[in-house]
Each structure stands twice: as C-alpha cells, then as structure tokens.
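Asker:
Residue numbers (the numbering used here): 309 to 461.
Right, here's the structure in full:
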C-alpha cells in the first residue's frame, strides 16, 4: 500500500493503479437497506417476484447509486497516509454506470490516481475508481472521485 506523507508522494502516484479491493457480495438485504435509506423503491431493485418474471436475468439489480456509495468502503485500504488529520469526500467529476449489478453478484474496486494538487491547504486527490462485476467485461461503474486530505503540522 503506497504511503503518502506529502504532495510530492501523491504526485509520484499520478497515472498509477494504487489498489484492487476484495470482492463484496451484493445481496438483496443490502439492496433493500439502500432502498430504505434513499426511499428509492423502484421495482427493479426490490420486487423479487416481478423481477423473476420481467427482468432479463430474472433478478433484481442494485441501485446505481448503491454501487457508487460503496466506493469509500471498497477503496479504504488503497492508500496509507502519514500525519493525516482528516479526509473528506469533495465530490465527483464524472460518473458512468455501464452494466447492472444483479443481486448475488460480486463487485470489487480498482483505483488509479489521476492527479494530485494542493488546494486550500490540503491535498486534493483526483482518482478513477472502477467498480467491476465478477464475470462481466464492462464495469458496473466508473467514477472520477475527488478527495481532500488534511495533514497535521
């Protein structure tokens, strides 16, 4: 796991893949919890009986935003920071959902550092995170994420 102690350490990682997570199973309970948290009960996500009849594979699929929301948990071990005071999600520049995540599928994250810059006294790290679905050629999600990392003096 790469160690970042300074802006120069982060800049040296630009263009490099910095992590590949373990697989995580997307089960119906997780999908239902996300539906509850977001009030997004579209049948393609939560109605297993209807999905069995009407969905192409006969399965519900995860919300796209559930897939996106997994990024912090899946990427938490990609980089190590020395003297880190706090880190915050600063946003995303671009997010695309390319293939659905059917219930029971396994997903993992792959991360690449795109850019490291100083901003407002912090390190602004722009990364590309790909959420892969086991057995699928296309990723479920590709997101350009922004993280702000504040170091203690």
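Using N, Cα and C, we set each Cβ at its ideal position, and we do this for glycine too.
This structure is a prediction, so every number in the text was calculated from the model and none was measured.
1. So for residue 423, helix, strand or coil by DSSP?
2. Would you identify the three-state DSSP class for residue 388, choosing helix, strand or coil?
3. Return yes when the Cβ of residue 440 is within less than 8 angstroms of the Cβ of residue 447, no when it is not.
4. Given residue 376, which residues of its chain have a CB within under 7 angstroms of its CB, disregarding the five upstream and five downstream residues?
5. Determine which residues share a DSSP beta bridge with residue 311 and list them.
6. At a cut of 8 angstroms, does the region 414-426 reach the region 336-350 through at least three beta carbon pairs?
7. Going by C-alpha distance, which of 373, 366 and 460 is nearest residue 346?
8. Taking the straight line between their C-alpha atoms, what separation do you get for residue 444 and residue 460?
9. Using three-state DSSP, classify residue 362 as helix, strand or coil.
Answerer: If we stick to the structure as given:
1. strand
2. strand
3. yes
4. 403, 449 and 451
5. 388
6. no
7. 373
8. 42 angstroms
9. helix
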